[in-house]
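The next block holds one structure in the form of structure tokens; read it before the comments.
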Ligand SMILES: Cc1cc2nc3c(=O)[nH]c(=O)nc-3n(C[C@H](O)[C@H](O)[C@H](O)COP(=O)(O)OP(=O)(O)OC[C@H]3O[C@@H](n4cnc5c(N)ncnc54)[C@H](O)[C@@H]3O)c2cc1C
């Protein structure tokens, strides 16, 4: 979130945890949307007698910096997640998505996230006195053809725990199929081609984790397949790790080039792959798009300093 000047206060009351703990706020209905770094941290630090409702589509907080490690099995999934429902401050927990907010009535319309085969998803309304819309952002495909439609098949995002789990399963599946006597050499090359799209920190971390996994673990399990493995990182600009210092950027690029991994920078080459990890950028979630409140040019919610 970006900071801005006081008139924003007229639009919403996003109160910091200090303000919530003051006696004037006791009994007020506080609703937190989302349990990422922002929402979870706030919920975790509120006193136990808070009237707090938490509404996220997933029932856990994820320690995202370690997500790439779980995608290759260095860490177990349970090591990087924390249950939200059991937080002492949480009075009500609804695993659902907020789909609209009525700022006049101070209510949130929510929809459940469960797969109903015969019935429509149920909706319900939650009232609030203070609202914390900490829905974060989602993966941006930039409308690249087939990326969204193939997501979860051979294209994977890396933002949630279920993404990491799918990548881990997919990687092992590719090796097992490639190991079958019926798989041709050309098919082995395709199946064991891993393409990582985006040259940001998340992609570089995952590329490094994947390199270690391939060279340390899979090399002993599938030594005959190693010559078929190729890891390619694709980046639209002419450098990796855009916002970081140039010394770090050059170091990482040099490191990747020295490995079997290949760093492709704007080459226009066409690539066959068995698995693609798409991590090319982020954009606001649908609810943020729908809110008529001040936003940055990139569509993110403007806040005052200290996120008020
Ligand atoms: C793999 C990975 C590695 C990272 N590594 C680092 C790092 O090393 N250092 C660093 O500083 N940052 C890192 N980040 C970025 C960091 O995770 C984000 O900046 C941070 O998660 C943003 O916090 P947030 O609370 O704004 O949103 P998020 O953490 O994205 O949380 C948003 C929450 O809102 C929920 N939500 C979405 N839509 C709705 C809705 N309609 N209704 C209700 N809830 C909703 C989501 O399910 C989620 O629970 C990493 C991110 C990833 C994915």
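Numbering (UniProt numbering), first residue to last: 1 to 308.
All residues carry an ideal CB built from backbone N, CA and C; glycine is no exception.
CA-CA distance, residue i and residue j?
| i | j | result |
| --- | --- | --- |
| residue 128 | residue 96 | 16 Å |
| residue 182 | residue 225 | 14 Å |
| residue 258 | residue 252 | 10 Å |
| residue 162 | residue 51 | 30 Å |
| residue 38 | residue 175 | 38 Å |
| residue 31 | residue 55 | 7 Å |
| residue 189 | residue 228 | 5 Å |
| residue 170 | residue 103 | 43 Å |
| residue 167 | residue 107 | 38 Å |
| residue 41 | residue 141 | 28 Å |
| residue 198 | residue 186 | 26 Å |
| residue 74 | residue 238 | 31 Å |
| residue 94 | residue 255 | 45 Å |
| residue 33 | residue 184 | 50 Å |
| residue 207 | residue 136 | 24 Å |
| residue 277 | residue 147 | 10 Å |
Leaving out five residues before and five after residue i in sequence, what residues of the same chain have Cβ atoms less than 7 Å from its Cβ?
| i | result |
| --- | --- |
| residue 179 | 222 and 225 |
| residue 301 | 1, 133, 288, 293 and 295 |
| residue 3 | Residue confidence is low: residue 3 scores 39 on pLDDT, short of 50, so the model does not pin down where it sits. Its coordinate-derived value is still stated next. Here the set comprises 303, 304 and 305. |
| residue 111 | 96, 97, 99, 121 and 123 |
Within 10 Å of its beta-carbon, does residue i have 16 or more other beta-carbons around it, so buried, or fewer, so exposed?
| i | result |
| --- | --- |
| residue 296 | exposed |
| residue 248 | exposed |
| residue 275 | buried |
| residue 270 | exposed |
| residue 232 | buried |
| residue 153 | exposed |
| residue 144 | exposed |
Cutting at 8 Å between CB atoms, please list the residues of its own chain near residue i, excluding the five before and the five after it.
| i | result |
| --- | --- |
| residue 114 | 121 |
Go through its chain and collect everything with a Cβ distance to residue i's Cβ below 6 Å, but skip five positions before and after it.
| i | result |
| --- | --- |
| residue 273 | 193 and 195 |
| residue 164 | 67, 70 and 71 |
| residue 375 | Because the chain here runs from 1 to 308, residue 375 falls outside it and cannot be looked at. |
Which residues, in chain order, sit with a beta-carbon under 5 Å away from any heavy atom of ligand 1? 33, 34, 35, 36, 37, 38, 56, 57, 64, 65, 67, 97, 98, 134, 135, 136, 159, 202, 285 and 287
Check whether the region 76 to 87 touches the region 116 to 124, counting contact only when three or more Cβ pairs, one atom from each stretch, lie closer than 8 Å. no
Contact between the region 107 to 119 and the region 60 to 69 is defined here as three or more beta-carbon pairs at a separation below 8 Å; is this criterion met? no
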